[in-house]
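S.K.:
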Amino acid sequence: MNAATVPWIILFTPLVAAAVILFFGRYSKPFSAGLAIGATLLCGILSWWLFTQPDATEPNQFFWINLPDIFSVPIGVTVDHLSKVMLVVVNTIAPLVFIYSLGYMKHEEGYWRYFAGLSLFLFSMLGIVLADNFLMMFIFWELVGLSSYILVGHYYPKDSAADASKQAFLVNRIGDFGFMLGILMLWLATGTAVFSQLFTSETLALLQSNGLYLTIACVLIFCGTVGKSAQLPLHVWLPNSMEGPTPVSALLHAATMVAAGVYMLARFFPVLEHVPAARDVIAWVGGITCLVAALMATQQDDIKRILAYSTISQLGYMVLGVGVAESWDVPMFHLFTHAFFKCLLFLCAGSVIVGMHHEQNIWKMGALKNKMPFTFLCTIAGTLALTGFGFHGIGFSGFYSKDTIIMWAVVKAPVLGWIAAVTAGLTAFYMFRLLIVVFLSVPRSEEAKKAQESPLVMVVPLLLLAIPAVIGGWPFIEHIFFHTTEPENVPSIVHYALLAMFLGGAGLAWVLYRRAAKDPVSIPLFANRLYIDNLYTWIVKVFQDGVAWLAGWSDRWIVDLFVAQVPSKLTWACGYVLRFLQLGNIQAYAFFFGAGVVGLIYLLIAR
Amino acid sequence: MTPTLAHYLIVSGLLFTIGLAGVMLRRNIIIIFMCLELMLNAANLSLVAFSRYNLTMEGLPNYNGQILVFFIITVAAAEVAVGLAIIVALFRARQTTHVEDLDSMKF
Numbered sequence: 001m002n003a004a005t006v007p008w009i010i011l012f013t014p015l016v017a018a019a020v021i022l023f024f025g026r027y028s029k030p031f032s033a034g035l036a037i038g039a040t041l042l043c044g045i046l047s048w049w050l051f052t053q054p055d056a057t058e059p060n061q062f063f064w065i066n067l068p069d070i071f072s073v074p075i076g077v078t079v080d081h082l083s084k085v086m087l088v089v090v091n092t093i094a095p096l097v098f099i100y101s102l103g104y105m106k107h108e109e110g111y112w113r114y115f116a117g118l119s120l121f122l123f124s125m126l127g128i129v130l131a132d133n134f135l136m137m138f139i140f141w142e143l144v145g146l147s148s149y150i151l152v153g154h155y156y157p158k159d160s161a162a163d164a165s166k167q168a169f170l171v172n173r174i175g176d177f178g179f180m181l182g183i184l185m186l187w188l189a190t191g192t193a194v195f196s197q198l199f200t201s202e203t204l205a206l207l208q209s210n211g212l213y214l215t216i217a218c219v220l221i222f223c224g225t226v227g228k229s230a231q232l233p234l235h236v237w238l239p240n241s242m243e244g245p246t247p248v249s250a251l252l253h254a255a256t257m258v259a260a261g262v263y264m265l266a267r268f269f270p271v272l273e274h275v276p277a278a279r280d281v282i283a284w285v286g287g288i289t290c291l292v293a294a295l296m297a298t299q300q301d302d303i304k305r306i307l308a309y310s311t312i313s314q315l316g317y318m319v320l321g322v323g324v325a326e327s328w329d330v331p332m333f334h335l336f337t338h339a340f341f342k343c344l345l346f347l348c349a350g351s352v353i354v355g356m357h358h359e360q361n362i363w364k365m366g367a368l369k370n371k372m373p374f375t376f377l378c379t380i381a382g383t384l385a386l387t388g389f390g391f392h393g394i395g396f397s398g399f400y401s402k403d404t405i406i407m408w409a410v411v412k413a414p415v416l417g418w419i420a421a422v423t424a425g426l427t428a429f430y431m432f433r434l435l436i437v438v439f440l441s442v443p444r445s446e447e448a449k450k451a452q453e454s455p456l457v458m459v460v461p462l463l464l465l466a467i468p469a470v471i472g473g474w475p476f477i478e479h480i481f482f483h484t485t486e487p488e489n490v491p492s493i494v495h496y497a498l499l500a501m502f503l504g505g506a507g508l509a510w511v512l513y514r515r516a517a518k519d520p521v522s523i524p525l526f527a528n529r530l531y532i533d534n535l536y537t538w539i540v541k542v543f544q545d546g547v548a549w550l551a552g553w554s555d556r557w558i559v560d561l562f563v564a565q566v567p568s569k570l571t572w573a574c575g576y577v578l579r580f581l582q583l584g585n586i587q588a589y590a591f592f593f594g595a596g597v598v599g600l601i602y603l604l605i606a607r
Numbered sequence: 608m609t610p611t612l613a614h615y616l617i618v619s620g621l622l623f624t625i626g627l628a629g630v631m632l633r634r635n636i637i638i639i640f641m642c643l644e645l646m647l648n649a650a651n652l653s654l655v656a657f658s659r660y661n662l663t664m665e666g667l668p669n670y671n672g673q674i675l676v677f678f679i680i681t682v683a684a685a686e687v688a689v690g691l692a693i694i695v696a697l698f699r700a701r702q703t704t705h706v707e708d709l710d711s712m713k714f
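Residue numbers (the numbering used here), protein chains in the order written: chain A, 1 to 607; chain B, 608 to 714.
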């Protein structure tokens, strides 16, 4: 075992597990679950081992397609600091989610299908993390889309689940198309898609010689992030993907899939940092997304949907971080902390949902703090981490990562910075709304009165995740993984403003929801997600109906005319003329035949 | 007077004409069939005559024509077997061998 082969082992172990489970898993539940968990534990151990190793300097690749000077597709792994950190994040969270699934999926259909899907999902994500060129990344990018389709549609007999998985897949296609165009533009300009070759100073100089072209290419590549990381305007699939099993949501929102978009931007950062125009676009998309998604989250009733919108909002922070920070460490640091506390929150939500017998409406819950004490404690930890509680350098993990991004934004783009700061207040508001309505106040249904704490197999991963969720951002841990820098000349008012935002949001939630039996605030605009989903439905409907009408019309009046009507009439007319030759007299036929032979002979001789 | 090639060909031509006229004019399908055979035999006769009168350089008849006659006889025999079978089947189905009654293909 050496540092050159370990990345390949990490990459392919989940694939092998997925294949074996697919073929043999249906005969034994423990076998499929055990194999999947074993594979991901192996990946986890190897990832941590790899993290202690030095970066690989030699290219570690082979050629999938190799036509020298014409077309080559290399498949290779990058082992640098970025990918090592990401491997650790993915492969630490994945085993916990897998183990948690044991409890959550105990009585569900398609157990082996589920674990095969999870393993495939992990394989796809690891492929993105390890890819050393854009082509390989794109292949795995699509594989992530496919695996999310399989997993979100796990309960496929349910229409809403089937629709959600279809929507996730199709919306991602839109972003991926831009991503592909961006990759092709870069490839066309430089003749290579390998990162290490793209990031050389000669290639950069070549790219920068045509600034507009490079900007367009970067924005197109960012389209991939918009789709995969659910930024406005392609965010609609993420809340709907909550139709999948809750552990899938946790994995999807924490370590795989949505993180891929931000990771890709971080990977591409060496080029991106020289393209200020593209970074402005990225920063604005991120900033607007984080605000709008937080606004939508304040009015949702489904516990998982609240968390889904909060994920979109947090991804907005990360994308904003890519747009304003001076290194990829800043957004990746937030991705790192977010992965832990968001995974924790989702698993808590899953625990609540199981305790409530698959009820997801928060207005049917209430006063669960005594019934589910561990889940309650973990949710508090996750909430405080997500809302970034802390002051003067001491706080929960989200405090460090999010505040760094906000500080960069305040310095580099003040408008976006203050948008992000206001969003922090909204985050506190909707998270404390969830916490208060679900765990405090009064029980609002029979299920809420009879709810029970989840089994140990679900609680232990929660407690394990709560640790990094709390301490994951502390400087001594941060310095193992990242080297974030804070901007200079940060106005000190920012720190006070953020604390005030937190206290204001949490306080407002406390006042409004402490004794509420149903939602006292009703803002249809936010509850209906700014009507963006309705707008898309309308656009798709109008567009589809228009195309269908046009296709129907041309089929009936053009295609039918020239392909069906005219030939059929012509054939009929010819047939009508020729049927007069049918005399019904065998000797006439013989005569025609003989005359024909004589005629042929005559033609042959006389010619 | 010794018969020459022309005599044989005239007889062959007459036989062929009789056969052709029979095929064209008669109404009973069995007669038509017999006339058809007659035409084949007219062809055989001319082939044999050509074989006899076109001697090779060694003074032997040209056997190519005679071999061809055997082929024609064989094929004709096979054809008779098939043709008669068709006629029998036809009679069973329609109770007639008269070609003017067989006009269901007429428009």
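All C-beta atoms, glycine included, are put in the ideal place defined by N, C-alpha and C.
Pair every Cβ in the segment 262 to 272 of chain A with every Cβ in the segment 288 to 300 of chain A, then say whether three or more of these pairs are closer than 8 Å.
M.R.: Result no; under three Cβ-Cβ pairs closer than 8 Å.
S.K.: Counting contacts by CB-CB distance shorter than 9 Å, is residue 682 (chain B) in contact with chain A?
M.R.: Chain A contact via Cβ: absent.
S.K.: Please state whether the Cβ-Cβ distance between residue 161 (chain A) and residue 109 (chain A) is less than 9 Å.
M.R.: No. Outside cutoff.
S.K.: Within 10 angstroms of its Cβ, does residue 228 (chain A) collect 16 or more other Cβ (buried), or is it exposed?
M.R.: Answer is buried; the Cβ neighbour count reaches 16.
S.K.: Under 7 Å Cβ-Cβ, which residues of chain B neighbour residue 591 (chain A)?
M.R.: Chain B residues near residue 591 (chain A): 631.
S.K.: Less than 9 Å between the beta carbons of residue 423 (chain A) and residue 313 (chain A), yes or no?
M.R.: In this structure, residue 313 (chain A) lies closer than 9 Å to residue 423 (chain A) by Cβ.
S.K.: List, in chain order, every chain A residue whose beta-carbon is nearer than 7 Å to that of residue 714 (chain B).
M.R.: Going along chain A in sequence order, the residues near residue 714 (chain B) (Cβ under 7 Å) are 579, 580, 582.
S.K.: Tell me whether the beta-carbon of residue 426 (chain A) lies closer than 9 Å to the beta-carbon of residue 295 (chain A).
M.R.: Going by C-beta atoms, residue 426 (chain A) is nearer than 9 Å to residue 295 (chain A).
S.K.: Grab me the residues of residue 80 (chain A)'s own chain with a C-beta within less than 6 Å of its C-beta, minus the 5 sequence neighbours each way, in chain order.
M.R.: Cβ neighbours of residue 80 (chain A) beyond the five flanking positions: 55.
S.K.: Would you identify the three-state DSSP class for residue 442 (chain A), choosing helix, strand or coil?
M.R.: Three-state DSSP puts residue 442 (chain A) in coil, outside helix and strand.
S.K.: Taking C-beta pairs closer than 7 Å, name the residues in chain B that residue 601 (chain A) reaches, listed in chain order.
M.R.: Residues of chain B passing the Cβ test: none, with the nearest at roughly 15 Å.
S.K.: Would a C-beta distance cut-off of 9 Å place residue 263 (chain A) and residue 180 (chain A) closer than the cut-off?
M.R.: Not closer than 9 Å, so no.
S.K.: Taking only beta-carbon positions, decide if residue 711 (chain B) is within less than 9 Å of chain A.
M.R.: Yes, because at least one Cβ of chain A sits closer than 9 Å to the Cβ of residue 711 (chain B).
S.K.: For the segment 354 to 422 of chain A, which segments carrying the alpha helix (DSSP H) assignment without a break, of at least 4 residues, lie completely within its bounds, in sequence order?
M.R.: Correct list: 373 to 387, 397 to 412.
S.K.: Counting only runs of 3+ residues fully inside the segment 6 to 30 of chain A, write out the beta strand (DSSP E) ranges in chain order.
M.R.: Complete beta strand (DSSP E) runs here, min 3: none at all.
S.K.: Kindly confirm or deny that the segment 462 to 469 of chain A and the segment 352 to 362 of chain A touch, where touching means at least three C-beta pairs closer than 8 Å.
M.R.: No: the two stretches stay apart, fewer than three of their Cβ pairs being nearer than 8 Å.
S.K.: What's the C-alpha gap between residue 633 (chain B) and residue 572 (chain A)?
M.R.: Whole-angstrom Cα-Cα distance: 36 Å.
S.K.: Let me see if you follow: with CB-CB separation under 9 Å, is residue 687 (chain B) close to chain A or not?
M.R.: No, no contact with chain A.
S.K.: Within the continuous beta strand (DSSP E) that includes residue 71 (chain A), where are the two ends?
M.R.: Unbroken beta strand (DSSP E) run through residue 71 (chain A): 71 to 77.
S.K.: Nearest CA to the CA of residue 144 (chain A): which residue from A:98, A:251, A:47, A:58?
M.R.: Out of A:98, A:251, A:47, A:58, A:251 has the C-alpha closest to the C-alpha of residue 144 (chain A).
S.K.: Should the segment 114 to 133 of chain A be regarded as contacting the segment 13 to 21 of chain A, the criterion being three or more beta carbon pairs within less than 8 Å?
M.R.: Segments in contact, yes.
S.K.: Report, in whole angstroms, the separation of the C-beta atoms of residue 458 (chain A) and residue 383 (chain A), which I expect to be a contact under 8 Å.
M.R.: Contact flag wrong, Cβ pair sits at about 19 Å.
S.K.: Determine, for residue 179 (chain A), whether the minimum Cβ-Cβ distance to residues of chain E falls below 9 Å.
M.R.: The chain labelled as chain E is not found among the protein chains of the depicted structure, namely A and B.
S.K.: Which residues in the same chain have their Cβ closer than 6 Å to the Cβ of residue 187 (chain A), if we skip the five residues on either side of it in sequence?
M.R.: Same-chain partners within the cutoff: 193.
S.K.: Cβ atoms of residue 115 (chain A) and residue 47 (chain A): under 9 Å apart, would you say?
M.R.: Cβ distance not < 9 Å, so residue 47 (chain A) and residue 115 (chain A) don't count as in contact.
S.K.: Kindly list the residues whose CB is nearer than 7 Å to the CB of residue 341 (chain A), restricted to its own chain and excluding five residues on each side of it in sequence; keep chain order.
M.R.: Here the set comprises 382, 385, 386, 397, 398, 469.
S.K.: Check the C-beta distance from residue 165 (chain A) over to residue 153 (chain A) and give it rounded, since I have them as a contact under 8 Å.
M.R.: Their Cβ separation, rounded to whole angstroms, is 3 Å, which keeps residue 165 (chain A) and residue 153 (chain A) in contact under 8 Å.
S.K.: What does DSSP give as the partner residue(s) for residue 133 (chain A) in the beta ladder?
M.R.: DSSP, once it has assigned bridges, lists A:194 as partnering residue 133 (chain A).
S.K.: Would you mind stating whether residue 532 (chain A) and residue 236 (chain A) have Cβ atoms separated by less than 9 Å?
M.R.: Contact: yes.
S.K.: Applying a beta-carbon distance threshold of less than 8 Å, which residues of chain A neighbour residue 706 (chain B)?
M.R.: Those are 585, 586, 587, listed as they occur along chain A.
S.K.: Could you tell me which whole alpha helix (DSSP H) segments of length 4 or greater appear in the segment 491 to 551 of chain A?
M.R.: With a minimum length of 4 residues, the continuous alpha helix (DSSP H) runs that stay inside the segment 491 to 551 of chain A are 493 to 513, 524 to 527.
S.K.: With distances taken from CA atoms, which of A:136, A:90, A:170, A:473 is nearest residue 72 (chain A)?
M.R.: Measuring from the Cα of residue 72 (chain A), the nearest candidate turns out to be A:136.
S.K.: Is it buried or exposed, residue 417 (chain A), if we count other Cβ atoms within 10 angstroms and call 16 or more buried?
M.R.: It is buried - the Cβ of residue 417 (chain A) has at least 16 other Cβ atoms within 10 Å.
S.K.: Nearest chain B C-beta to residue 596 (chain A) closer than 9 Å, yes or no?
M.R.: Cβ-Cβ to chain B under 9 Å: no for residue 596 (chain A).
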